[in-house]
Amino acid sequence: MRLLFASEGFDEETRRSPNAIISFEEVAMAINWGPQYIVPSETLKTFSGRVLLRETFDEALLRKELVELGIPGDPIKATNPWYCRKKDTETWIKIGESSNKKDNFAVPWDTTKLGNGEYQVLGLMHVWVRKDDKEVVVARQNIVDVTVEN
591 MRLLFASEGF DEETRRSPNA IISFEEVAMA INWGPQYIVP SETLKTFSGR VLLRETFDEA
651 LLRKELVELG IPGDPIKATN PWYCRKKDTE TWIKIGESSN KKDNFAVPWD TTKLGNGEYQ
711 VLGLMHVWVR KDDKEVVVAR QNIVDVTVEN
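The sequence shown begins at 591 in this note's numbering and counts up one residue at a time.
Below you can see the structure in the form of structure tokens.
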């Protein structure tokens with residue numbers, strides 16, 4: 591799923607056009623700027639106790655995608671809310687949120703409050719892009735399957 595939110599810097603026709611959103615979708619899928627989930631090793635998918643969730647994104651690829659989408663401007667800030675849910679359920683529960691790019695948007699997750707089993711963790715990276723008085727927020731998600739064993 592790819593989200594794109596346009597602020598008031600764009601005309602009414604562009605904001606409401608379903609064709610514009612479809613064309614953004616088609617272009618955006620070719621460039622994966624992130625988010626990329628960071629784990630100590632590729633095999634670590636079982637969590638116990640307090641863990642630190644971290645993600646990053648590739649700013650060069652983000653800038654490339656912005657050019658292809660026809661979105662002018664520079665990234666000015668980013669935030670990454672984190673969510674979890676029991677596998678095969680629909681509702682996400684917010685774990686926390688970080689805007690600290692230097693620390694890879696780290697958020698602590700206390701898994702001791704959860705029952706053992708299969709879960710999914712969602713990182714939903716938002717990046718604000720501004721040029722002059724126009725601002726756009728682009729977002730991408732990353733979902734990772736994990737096991738909780740306390």
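For every residue, glycine included, the Cβ atom is placed at its ideal position computed from N, Cα and C.
Coarse secondary structure for residue i, derived from DSSP in three states
i, result
"LYS692", "helix"
"ASP723", "coil"
"TRP718", "strand"
"TRP682", "coil"
"TRP623", "coil"
Residue closest to residue i, alpha-carbon to alpha-carbon, out of the options
i, options, result
"GLY707", "MET715, TRP682, PHE637 and GLU649", "PHE637"
"ILE683", "PRO671, VAL727, ALA650 and ARG720", "PRO671"
"LEU714", "CYS674, GLY705, LYS721 and LEU704", "CYS674"
"PHE695", "LEU634, LEU642 and ILE621", "LEU642"
"GLU687", "VAL736, LYS677, PRO698 and ASP678", "PRO698"
Host alpha helix (DSSP H) of residue i (start-end)
i, result
"GLU655", "649-659"
Residues that residue i bridges to, as DSSP identifies them
i, result
"GLY705", "Answer by DSSP bridge pairing: none, since GLY705 is not bridged."
"GLU570", "As displayed, the chain neither begins before 591 nor continues past 740, which places residue 570 out of reach and without an answer."
"ILE733", "LEU712"
First through last residue of the beta strand (DSSP E) which encompasses residue i
i, result
"ASN670", "664-676"
"LEU643", "640-646"
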